[in-house]
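Residue numbers (the working numbering), protein chains in the order written: chain A, 1 to 361; chain B, 1 to 504.
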């Protein structure tokens, strides 16, 4: 039974990726390009050591966004606010990190906790609105994303929390001192953020919390059936609120790899779009910590390998088409797998009935 | 009159399972023919075959003595076979008329719906068969019994001569059942034929002209009500003698474990649902709660479980104030809860059985150890429940949604009765389960009573109330109107009390 689950859990995302490759191949052929060559070029470029390094670093951010989205999905929450939560986390992490001086490990810890608090509290607004006022978290989160960006832009003013380094056009927060920075380590001739270990830890903690603890049971129960959870004694609205905050807290970590190991300050150059990516990755990875990792790596890989397509006369945007079709296909594939599963189980139940009847004769 | 429907040797196999085999059925024109059998005996498969939803692997079906092959419901409808499903398929936000014509709209040039003509036809049908319906009423405003009439009208509108009703009484209260039966009689008197599935033996004996019993996918016998009795039918259904509920020892304790005093409850919109309600339940007794659905039973249960706070008055459950205590505390104090809507309130449908075993017990040993879920204990105890309550499943990793309704219910009852609860709130504990399962559930409720637990038994099944209860409280208009002794009360008196008539 367990083997079955792993099999079906793997077949669906693979089917999605394969069908997406198939679709993209058709587009490439229509453009007169040879898909096999194109894929070969992408793979050999994407697996070059220096590219692997930046892919892995990107994977850290994507992975955390994916886990944040997955926590929400388990509660049937569509956390489109990951973008704003990540910004709040990275920004306040940077501000607090630059404002204090502490011993090395504690300093980093403080930044991490601040980022989680900022992300979590920002998400709490949407959580409160949903539980107490019945506002869809999608609507409030979209608004909150804009508000977060605007607040940060305001606070980054030079007379407030921002500075303009000499020779730069970009306002940023004051730099975090050395004690608040995280080291990188060498792999494939490059520098990998050691924040990757935090991401791995988050993945493991997420899995244990969800599958082994009473809290996780209550969370899943509420997501599966609000009413059944309530009848069983779970404070279901409370669970929705806490889950929202938890998802936001993880989202608050998304930008920290870059902040702690690379830029050491927050600026408007920090990328956006983590919400959609995170949701896609949670879907593709089936809310499973290992699945989300592969999904995050695939995304980073595709994005890193995209520019090389230009040399082959193919627009690099084909990668976005690929990502889009993968997400579309995965939704279909999971539905199909879920139905096959249920039918198999019903059959097994039917069989058991017949056997029971035979035994009793 | 001859046979309108002849089924011979019908067989339907699914990989690994035989759903129907060697099914034979003769239905006389103008008769009410009941099909009875346990959950999973193949009744629904047979009905779906007759309605063209399933194609049989072998056998023949003759309608009006003509061999037919039904490929889809459209074929069945064309032959005059209509089906009323157990779960109604009506659009809430449309009117009765719109629902009736939906999918078969009489139209001009294929797109202008001829409403007037349709309304006239529907009213004619209503007139002919004495179906009380208002074509212009919105379905959202209708009660269950009225919805069922709309479903029947819908089938008649399509020109059905044979009506198949899948467990039509499962959702109805006694008064509505009587009405339905009157309607069915009317239909048959006008020359139609009714085929109906049930597992309520009393009903079948009172309304049917012929009764066909199914067991393990096949038809085992056809009887006339005059030549048979409940015991024989039940034994034919289960293929042996029924387990009898042990009467149990009556040792009602002095202490009341549930005490409701002057409780009022009003909804947010101000509508008063419970009005000055008083109720006491002692350990070791089964207190039946009878009433027509919608008289405050659901709210009363939610009050006891701490899911709703009383507007005023006190609700004391095992010494806890249910208006302020959380459901979790109430459950931990030893209250078991068998909800009325099992799929929505009692189960995580897409979670495996062992996880469902934890549900409601996740705050205490042995299902939880501190902050950790104890999977081993849950799996182990699920196996015990499956065994003791005869839940038909190949294992405890199966999703709850894969089980049939009756087996889901057995699992819930088994789960709730574990851990020696002190108070059991059981809402419709045997609704929709077959006689075998019903006997098991009754037996366990009696055992719990003998062990000193108090049971609040909310039921629409009068037979259940009479066979189990030590006292029967009647709820009407949100208050307890009388408390009856089942030994000194007739079902007629109880029925009267349920409708609010002051009993002597």
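Backbone N, C-alpha and C define an ideal beta-carbon position, used for all residues, glycine too.
Inspect the beta-carbon positions of residue 423 of chain B and residue 445 of chain B and report whether they are closer than 8 Å. no
For residue 116 of chain A, does the count of other Cβ atoms within 10 angstroms reach 16, so buried, or fall short, so exposed? buried
Nearest-angstrom Cα distance between residue 141 of chain A and residue 81 of chain A? 4 Å
Got a sec? Which residues, its chain only, sit under 7 Å from residue 135 of chain A by beta carbon, not counting five neighbours each side? 129
Against chain B, which members of the stretch 7-25 of chain A pass a CB distance test of less than 9 Å? none
Please classify residue 83 of chain A: does DSSP put it in a helix, a strand, or coil? helix
Can you find a CB in chain B that lies within less than 8 Å of the CB of residue 217 of chain A? yes
Nearest-angstrom Cα distance between residue 485 of chain B and residue 253 of chain B? 18 Å
Pair every Cβ in the stretch 88-99 of chain A with every Cβ in the stretch 164-182 of chain A, then say whether three or more of these pairs are closer than 8 Å. yes
Between the stretch 27-43 of chain B and the stretch 193-210 of chain B, do at least 3 Cβ pairs fall closer than 8 Å? yes
One question on the structure: do residue 169 of chain B and residue 184 of chain B come within less than 8 Å of each other, judged by their Cβ atoms? no
Cutoff 8 Å; reference residue 352 of chain B; Cβ partners in own chain excluding five residues on either side: 396, 397, 398, 399, 400
Sorted by chain position, which residues of the same chain lie with C-beta nearer than 7 Å to residue 314 of chain A's C-beta, five sequence neighbours on each side aside? 28, 31, 33, 38
With burial defined as no fewer than 16 other Cβ atoms inside 10 Å of the residue's Cβ, what is the status of residue 8 of chain B: buried or exposed? exposed
Straight-line gap, residue 68 of chain A to residue 36 of chain B (C-alpha atoms, nearest Å): 52 Å
Which residues bound the beta strand (DSSP E) around residue 193 of chain B? 193-198
For residue 372 of chain B, the residue or residues it bridges with in DSSP: A:213, B:369
What residues from chain A crowd round residue 345 of chain B, counting only those whose CB sits closer than 7 Å? 227, 228, 231
Between which two residues does the alpha helix (DSSP H) harbouring residue 74 of chain A extend? 49-74
Taking a contact to mean a Cβ-Cβ separation below 8 Å, would you say residue 435 of chain B touches residue 234 of chain B in this structure? yes
Alpha helix (DSSP H) containing residue 66 of chain B: first to last residue? First-last for residue 66 of chain B: 66-68, but that is the beta strand (DSSP E), not the alpha helix (DSSP H).
Compute the Euclidean distance between the alpha carbons of residue 7 of chain A and residue 388 of chain B, then round it to the nearest angstrom. 33 Å
Below 7 Å between beta carbons is the criterion; list the residues of the stretch 244-269 of chain A that meet it against any residue of chain B, in chain order. none
To test your reading of the DSSP string, which unbroken beta strand (DSSP E) runs of 3 or more residues are found completely within the stretch 115-187 of chain A? 184-187
On the CB-based measure, 16 or more other CB atoms within 10 Å of its CB, does residue 5 of chain B come out buried or exposed? buried
Residues of the stretch 387-406 of chain B with Cβ closer than 9 Å to any Cβ of chain A, in chain order: 390, 392, 393, 394, 395, 397, 398, 399, 401, 402, 403, 404
Return the chain-ordered list of same chain residues with a C-beta closer than 7 Å to the C-beta of residue 344 of chain A, the five sequence neighbours on each side being excluded. none
Minimum length 3: unbroken beta strand (DSSP E) runs contained in the stretch 244-288 of chain B: 256-266, 272-282
Which residues of the stretch 47-77 of chain B have a Cβ closer than 9 Å to any Cβ of chain A? Give them in chain order. none
Could you work out which residue in A:163, A:100, A:295, A:203 is closest to residue 323 of chain A when comparing CA atoms only? A:295
Counting only C-beta atoms, is residue 70 of chain A closer than 8 Å to chain D at any point? This model lacks chain D altogether; the protein chains it does include are A and B.
Bridge partners of residue 290 of chain B, per DSSP? B:474
Verify the CB distance criterion: does residue 504 of chain B have a CB-CB separation below 8 Å to chain A? A caution first: residue 504 of chain B carries a pLDDT of 40, below 50, which makes its placement in the model unreliable, though a value can still be read off. Cβ-Cβ to chain A under 8 Å: no for residue 504 of chain B.
For residue 458 of chain B, decide whether its Cβ has a neighbour in chain A, counting only Cβ atoms nearer than 8 Å. no
Would residue 32 of chain B be called buried (16 or more neighbouring beta carbons within 10 Å of its own) or exposed? buried
Proximal residues of chain B, C-beta to C-beta of residue 348 of chain A below 9 Å: 16, 393, 394, 395, 398, 402
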